[in-house]
Each structure stands twice: as structure tokens, then as C-alpha cells.
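Visitor:
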Amino acid sequence: MNKNVIALGAENKNTFSVISDGKIYVSGPVGSLTELDNYRSFGDSTEAYMKKNGMVPDHIACDMHPDYLSTSLAEDICRRNKGSVLVKVQHHHAHIVSCMEDNGIDEEVIGISFDGTGYGSDGASWGGEFMLCTRKAFSREYHLKYVPVPGGDLAAKETWRTGLAYLYQAYGKNYRIEAASVIKNIEKYKIDIVEKMIDGSVNCPRSSSMGRLFDAVSFITGICSQARFEGESAMLLENAIYRKTEGSYGYGIDKGGIDMSPAIIGIMNDVKSGMDKGTIAAKFHNTIGEMVFRVSVLISEKRPARKVLISGGCFQNKYLVAYLENRFAPSGLELFKHKKYSTTDLGVSIGQAVIAANM
Numbered sequence: 040m041n042k043n044v045i046a047l048g049a050e051n052k053n054t055f056s057v058i059s060d061g062k063i064y065v066s067g068p069v070g071s072l073t074e075l076d077n078y079r080s081f082g083d084s085t086e087a088y089m090k091k092n093g094m095v096p097d098h099i100a101c102d103m104h105p106d107y108l109s110t111s112l113a114e115d116i117c118r119r120n121k122g123s124v125l126v127k128v129q130h131h132h133a134h135i136v137s138c139m140e141d142n143g144i145d146e147e148v149i150g151i152s153f154d155g156t157g158y159g160s161d162g163a164s165w166g167g168e169f170m171l172c173t174r175k176a177f178s179r180e181y182h183l184k185y186v187p188v189p190g191g192d193l194a195a196k197e198t199w200r201t202g203l204a205y206l207y208q209a210y211g212k213n214y215r216i217e218a219a220s221v222i223k224n225i226e227k228y229k230i231d232i233v234e235k236m237i238d239g240s241v242n243c244p245r246s247s248s249m250g251r252l253f254d255a256v257s258f259i260t261g262i263c264s265q266a267r268f269e270g271e272s273a274m275l276l277e278n279a280i281y282r283k284t285e286g287s288y289g290y291g292i293d294k295g296g297i298d299m300s301p302a303i304i305g306i307m308n309d310v311k312s313g314m315d316k317g318t319i320a321a322k323f324h325n326t327i328g329e330m331v332f333r334v335s336v337l338i339s340e341k342r343p344a345r346k347v348l349i350s351g352g353c354f355q356n357k358y359l360v361a362y363l364e365n366r367f368a369p370s371g372l373e374l375f376k377h378k379k380y381s382t383t384d385l386g387v388s389i390g391q392a393v394i395a396a397n398m
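The numbering used here puts the first residue of the sequence shown at 40, with every later residue one more than the last.
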């Protein structure tokens, strides 16, 4: 990594990272760049660092998302530094390469990145991704089946929106009957509007996000229908687990897509039978753990990769990570998680910088 690189990270949680003389520097954390003070502070900090160190970057790395403020800032820096090359990096590739750097891994790996959202190469919102990754490139091997997210970013707080979308995907028009006990507290006009949005593909971005799946299950189980902050519904779902269970739900794998409708139907059946929320939450987490293991094995059967790396905000979930560590231990596949770098978007700039340095 002999190039001088500065990478500007993501949007909601952020850092910038610099590679110079083969060494990596990571800035302190900054909150959402959509807040003016944070944006100004972030821009001033990057400029001050480059000026203080007399740095003229060979490459300036940023997220692929065209509307991220960090992307526009990177484009601006590139315009002012003639000869610098702008490198736009896919969000989840950056997550995995950050974990590769964290663990000193150079070979091709199976990368699993689960989070709330990240701009995909196809323009959709990604976040439930299984990839083969190197420090230069990636291929998307499997992902959660796309689900429409009514209202886009609004659904991250109003979890009932994604809950309805998953129920609709699982049951079709019959979801109002099958899930009557779950949706009874949502005003009918809101359900009508969301259903029309889904049917007409109006403000319903396609998402493969694991974070949105956690939101949906949190709503269906009655644990959280309205989140106060990012990730609250997933935290509450994990915290609802009070005892271990061996149970899990079904899912389907077809042509690269992972269909969670069987799990949604299984969860709904347990809700209707009166099963306690903690057991349902544990069974759901077990399902995700089993699915991760099975898909990793499928990928390893096609390629010689034996190292499995996990990164993304969903892997702050201690129950899920512990489940995976136990599941992978006797398998012949090695599981790696972050050591010193963050598994959240605070680590994205590190992956961006390493990818750009290897171009």
C-alpha cells in the first residue's frame, strides 16, 4: 500500500481514514453528517489533516451512494487536487475489507455483511449480503430476497411498515386475515396506504437489509412497532431472549436469493399460538445463525475460500455472534470478527482506504 489515500466513510456514523507510507490513520468518530455542525467539523478535520501533513492524495475513496454528503465532499476534494483519482466503493465490500485489515487477512474470503442499509451496485438498498471478497474486488453470491420498504428511511423507525411488507410478501392479500392479531392496532387507512404503495411501487425502495428483517420480526412479535433510535428494535428483539432454545424457523434459497417468508409464517404461527416472545426471539436468532452457516458452506463448496468474515451493524448482536462462533467451530470454516476496528459504519472508511490503496 504505497499510495497516499484518504477515505471519507459513510453518512450516519463516520470516520475518515488515511493511508500514507503504508500506515493507516483513523480519525475519531463523527455523528451523522446530515447535521450541519458534524458536516462542517468533518470537512474541516479532513482538510486540516491533509494540510498539516502536506498530503496530496493519489486516491480519494468514498461510498457509492450518490446522495451521501461524504460522497459530495470527496468529489469536491478530488476537484481541488488535480491528479487525484476518485474511487467509489460499495458499502458492504468496504465493511468486509475493514475486517480483513483488522485480522491481517490477504486471501479471498467469504464476507457476510448485515446492516440497515448500504447502496448496492444495482441501485437497491443492500444489507443482507454474502460475498466473495478480496482487497480489490467482490462478487455478490447470495442475499436476502428483496422486499419493498414503504416510506424508505422512515421504515427504520416505524417498524410496522417493514413488518407489513414482509407479511404481504409471505401471505399475499391474505395477510390481513393471517396477521389480524398483529396489525389490529394499526389504523386501517395506514394499512390501505402502505398496501397501495407496495402494489404501485411508490416510495418503496427494494431492500435486502438484515436490519429491516429484524425490524419486521420485532413488530410481528409485538416487541417494537415504533423505534426511538436507529437499531432499537433489533436491540429489543435480542434483549427479549431469556433462555436458550434449539428451535428455529424455515427459509428458502433460490438462485442467489434467500427467502425468509417461511420464517415469517412460522413466527406468525407461534404468535397466534401464544408462544412467549422470548422463545420466538431466540428461534429467530437461531434461524439467522443456521442460515448464515448453511450459505457459507454452499459458497465454500464452489470456491476454496475457508475464512468467513462478519461485519456490519447487525453483528453488534452478542447472541448471534456467539451462536455463529459455536456453529462454525467444528466445521472446517474459520469465523473472523472485528478486533479493534468497529463493525459499524465507523469502520467503513478503513475498508474504503484499503480497497483504494490496492487499485
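Built from N, CA and C at the ideal position, the CB exists for glycine as well.
1. Below 8 Å on the Cβ atoms is my contact criterion, and I expect Pro-96 with Ser-123 to pass it. Report the Cβ-Cβ distance as a whole number of Å.
2. Could you work out which residue in Val-256, Gly-67, Ile-394 is closest to Gly-317 when comparing CA atoms only?
3. Give the DSSP-derived three-state secondary structure of Gly-239 in the structure shown.
4. Just checking, does the region 219-226 make contact with the region 161-172 on the three C-beta pairs under 8 Å criterion?
5. Which term fits Phe-268, buried or exposed, when burial requires 16 or more other beta carbons within 10 angstroms of its beta carbon?
6. Span of the beta strand (DSSP E) holding Met-89?
7. Is it true that the CB of His-182 sits closer than 8 Å to the CB of Gly-67?
8. When DSSP labels each residue in this structure, what does Ala-46 get in the three-state scheme?
9. With the cut-off set at 8 Å, would you say Gly-351 and Asp-154 are in Cβ contact?
10. Out of curiosity, what's the CA-to-CA distance linking His-131 and Thr-382?
11. Please classify Arg-179: does DSSP put it in a helix, a strand, or coil?
12. Taking 8 Å as the threshold (C-beta atoms), are Val-136 and Ala-100 in contact?
13. By the three-class DSSP mapping on this structure, what secondary structure does His-98 have?
14. Buried or exposed for Pro-244, going by 16 or more other Cβ atoms inside 10 Å?
15. Got a sec, what are the start and stop residues for the alpha helix (DSSP H) Val-148 sits in?
16. Would you mind reading off the limits of the beta strand (DSSP E) that contains Glu-373?
17. Which residues does DSSP list as the beta-bridge partners of Glu-168?
18. Roughly how many whole angstroms lie between the Cα atoms of Met-307 and Thr-201?
Guide: Looking at the atomic coordinates:
1. In this structure Pro-96 is in contact with Ser-123, their Cβ atoms being roughly 5 Å apart against a cut-off of 8 Å.
2. Nearest option by C-alpha distance: Val-256.
3. DSSP, read as helix, strand or coil, puts Gly-239 in helix.
4. As far as the Cβ criterion goes, the region 219-226 does not touch the region 161-172, which means the pair count is below three.
5. Under this definition Phe-268 is an exposed residue.
6. Residue range 75-91 is occupied by the alpha helix (DSSP H) that includes Met-89, with no beta strand (DSSP E) assigned at that position.
7. No, the pair does not count as a contact, with Cβ atoms beyond the cut-off.
8. Of the three classes helix, strand and coil, the one that applies to Ala-46 here is strand, per DSSP.
9. Inclusion of Gly-351 and Asp-154 in the CB contact set at 8 Å is warranted, their separation being smaller than that value.
10. Approximately 11 Å between the Cα atoms of the pair.
11. Strand.
12. In this structure, Ala-100 sits away from Val-136, with a CB-CB distance that is not shorter than 8 Å.
13. If DSSP states are grouped into helix, strand and coil, His-98 belongs with the strands.
14. So Pro-244 counts as buried.
15. From DSSP, Val-148 is part of no alpha helix (DSSP H) but of the beta strand (DSSP E) over 148-158.
16. Bounds of the beta strand (DSSP E) holding Glu-373 are 373-375.
17. In DSSP, Glu-168 forms a bridge with Ser-152, His-182.
18. C-alpha separation (whole angstroms): 15 Å.
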